[in-house]
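Student: The opening position of the sequence shown corresponds to residue 1 in UniProt numbering, with each subsequent residue numbered one higher. Every residue, glycine too, gets a C-beta built ideally from N, C-alpha and C. Right, I'll just put the structure down here and ask away after.
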Amino acid sequence: MTLASSAASKVLIVGAGLSGAVIGRHLAQSGYEVKIVDSRDHIGGNCHTERDAETDVMVHIYGPHIFHTDDEEVWNYVNEFETFMPYKNRVKTTSKGQVFSLPVNLHTINQFFGKTMRPDEAHKFITEEQADTSISDPQTFEEQAMRFVGKDLYEAFFKGYTMKQWGCHPSELPASILKRLPVRFNYDDNYFFHKFQGMPENGYTVMIERMLDCPGITVELNTTFTADMAEGYDHVFYAGPLDGYFDFKLGRLGYRTLDFERFNYQGDYQGCAVMNYGEVDVPYTRITEHKHFAPWESHEGSVCYREFSREAEPADIPYYPIRQVKEKALLNEYVDLANATDGVTFVGRLGTYRYLDMDVTIREALDTARGFVAAREQGDKVPAFFVAPV
Ligand code: UDP
C-alpha cells in the first residue's frame, strides 16, 4: 500500500456512481483522504437499484443494467463486493405482428423468412441474397446493417428502433453503434458475447455502498458541486458532464435522455426482461420487466418500464452522448479547455462524453486511480484525462 504524503492527501470526487466509488476506494486504500459529493439523494449514479415497496421487485431505477465483461480483473473486482447471480440477457423484439429473438440469430432468420435453414445455408442466404456486398467499408449504422443483414432485417428490427432511440436517420449515425450487436448463424440467443455475465444479488446500490464503506471515504449526498468546493483539495475527479464543469460556456454537448412510464402489474406482464419494439409507429423503444432481471427471486407482482427516448433538455438527466460531427467538434473544444486546466481529471460516461458499459467504466476507473497514484509518486503532472475522449 502506498501512503500519500500529507501535502497531497485530500481528493474530492464529484459523483458517487461507479467511477467515483472505484476511484475513491483505491485512493482511500492508498492513504488519501477522499470526499465524494453527489447532487442526487442516493449513491450509484444511473446504476441505482431500489426495491419497489408494493411488489418487492428490485427496480433498476434509471433503466436496466446488465453486467457483462471479458475483463477477468473487473469481474473479480465486482465479485468482491457482491454475489453475482447467473443471468443471461435474452432479448425479444416485436415487429410486423410477431415476436422475434434478438440478437439476430438462426431462429430470427428462419422465422422471419419462413424457412428451416441450417447454419451454413442461412449464412449463404444472408450473405448472397440479403447483404449488400457492394458496401466494402461501412461507415454509417445503415451501411453496416445493409452490409451484414440486408434491407429486410434492417427495416424490421433496426431502422425504426434506431430512429426512436437516436432521433435521427441511421444513415447519420456511426457504424460503431450497431457493432455492439452480434449476428449469429446458430440458435445462441445470448445478447452479449462476453465470458462473464451476471446480476448483483441485492442490486448495484448495495455493491457500490460496500465499495464506499472504506476508512478514509466520506460521502455527501444532495450536494451540487461548485468550483469553490475544490479549495483545500489536492485534486478533483469529476464524473459529472464535461461541459457542465465549464458552465457550458462553449455550448451544450448533446445527449439523449429517457422517459420511463412505470407501471405495476399483477402476474407476469410480458414473460421476459426486455421486449424491444422495432417499428417506428410504436412510440416507445422497449418495455422492461424488472423481476425477470432477478430470475432467482419470485414475485407475484411486477414492475415494468415503458422506455421513451428523446433529446435531452438542460434540466433532463443525460443518458446517451450523441457524438455526431457537430458534437465531436464541440467536444474537441472542451477537451482543449480541460487539458489546459490543472487540478482536475474527468472520468466516466459524462466526464469523457462516451457511452460506456459498466465493465469499461470500472476498468478505466481502476486504471485512472492507479495512474494518479503513480503520477503523484513520480511527481508528474496529473492529466485531465487518463482515457482520451476523442
Ligand atoms: N438496436 C436496434 N434494434 C434493437 C436493439 C438495438 O436498432 O432491437 C440498435 C439501436 O440503435 C441501439 C444499438 O442497436 O442504440 C445498440 O444496441 P444496444 O442493445 O447495445 O443498446 P443500448 O444498450 O445502448 O441501449
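Could you name the residues of the same chain whose beta carbon sits closer than 8 Å to that of K179, not counting the 5 residues immediately before and after it, in chain order?
Tutor: Taking the first residue of the sequence shown as 1, we reach residue 179 at position 179. For K179, where only same-chain residues beyond five positions count, the Cβ hits under 8 Å are Q144.
Student: Rounded to the nearest angstrom, what separates F193 and P182 at their Cα positions?
Tutor: Here residue 193 refers to the residue found at position 193 when the sequence shown is read from its first residue. Here residue 182 refers to the residue found at position 182 when the sequence shown is read from its first residue. Computed Cα separation, rounded: 8 Å.
Student: Can you pull the DSSP bridge partners for H12?
Tutor: Start at 1 with the first residue of the sequence shown, and residue 12 comes out as number 12. The sequence given here has Leu at residue 12, not His. According to DSSP, L12 bridges with K35 and V236.
Student: DSSP puts Q98 in a beta bridge; with which residues?
Tutor: Here the question's residue 98 lines up with position 98 in the sequence shown. DSSP lists S95 as partners of Q98.
Student: Measuring alpha carbon to alpha carbon, tell me which residue in R252, C47 and A273 is nearest P314.
Tutor: In the sequence shown, residue 314 corresponds to position 314, counting from 1. Closest option to P314, Cα to Cα, is R252.
Student: Let me check understanding here. Comparing Cα to Cα, which of I43, A329 and R323 lies closest to L221?
Tutor: Position 221 of the sequence shown, counting from 1, holds the residue named residue 221. L221 has its Cα closest to that of I43, out of I43, A329 and R323.
Student: Between the segment 102–117 and the segment 131–145, can you find at least three pairs of beta-carbon atoms closer than 8 Å?
Tutor: Segments in contact, no.
Student: Could you spell out where the beta strand (DSSP E) holding D336 opens and where it closes?
Tutor: Counting from one through the sequence shown, the residue named residue 336 turns up at place 336. Looking at the DSSP string, D336 is not in any beta strand (DSSP E); the run it does join, the alpha helix (DSSP H), is V325 to N339.
Student: Can you tell me whether DSSP reads L258 as helix, strand or coil?
Tutor: The residue you call residue 258 lines up with position 258 of the sequence shown. Strand, per DSSP.
Student: Sort out for me which residues DSSP pairs C304 with in a bridge.
Tutor: The residue you call residue 304 lines up with position 304 of the sequence shown. Answer is F263 and E289.
Student: What residue from A239, E289 and S302 has the CA that sits closest to Y265's CA?
Tutor: Taking the first residue of the sequence shown as position 1, residue 265 is located at position 265. Minimum Cα distance to Y265 is reached at S302.
Student: What does a CB cutoff of less than 6 Å around G45 pick up in its chain, not counting 5 residues either side in sequence?
Tutor: Taking the first residue of the sequence shown as 1, we reach residue 45 at position 45. Excluding residues within five positions, the ones whose Cβ falls inside 6 Å are G17.
Student: Who are the near neighbours of F308 in its chain, counting only those whose CB is closer than 6 Å to its CB and skipping five residues on each side?
Tutor: Within the sequence shown, numbered from 1, the residue matching residue 308 stands at position 308. Result list for F308: D259 and Y284, in chain order.
Student: Shortest alpha-carbon distance to R184 belongs to which of V236, F246 and T108?
Tutor: Within the sequence shown, numbered from 1, the residue matching residue 184 stands at position 184. Checking every option, the nearest Cα to that of R184 belongs to T108.
Student: Taking 8 Å as the line, does the beta carbon of V99 fall inside it for any heavy atom of the ligand UDP?
Tutor: Residue numbering aside, residue 99 sits at position 99 when the sequence shown is read from its first letter. No, Cβ of V99 sits at least 8 Å from all heavy atoms of the ligand UDP.
Student: Is I177 near the ligand UDP, judged by its Cβ being under 8 Å from some heavy atom?
Tutor: Position 177 of the sequence shown holds residue 177. It does: the Cβ of I177 is within 8 Å (strictly closer) of some heavy atom of the ligand UDP.
Student: Can we say the segment 84–100 touches the segment 266–278, given the rule of at least three CB pairs closer than 8 Å?
Tutor: Contact between the segment 84–100 and the segment 266–278 is present, because at least three Cβ pairs lie under 8 Å.
Student: Can you check the segment 350–375 for any alpha helix (DSSP H) of at least 4 residues that lies completely inside it and give the ranges in chain order?
Tutor: Whole alpha helix (DSSP H) segments, 4+ residues: zero.
Student: Helix or strand or just coil, what does DSSP make of E209?
Tutor: The residue you call residue 209 lines up with position 209 of the sequence shown. Residue state, collapsed to three classes: helix.
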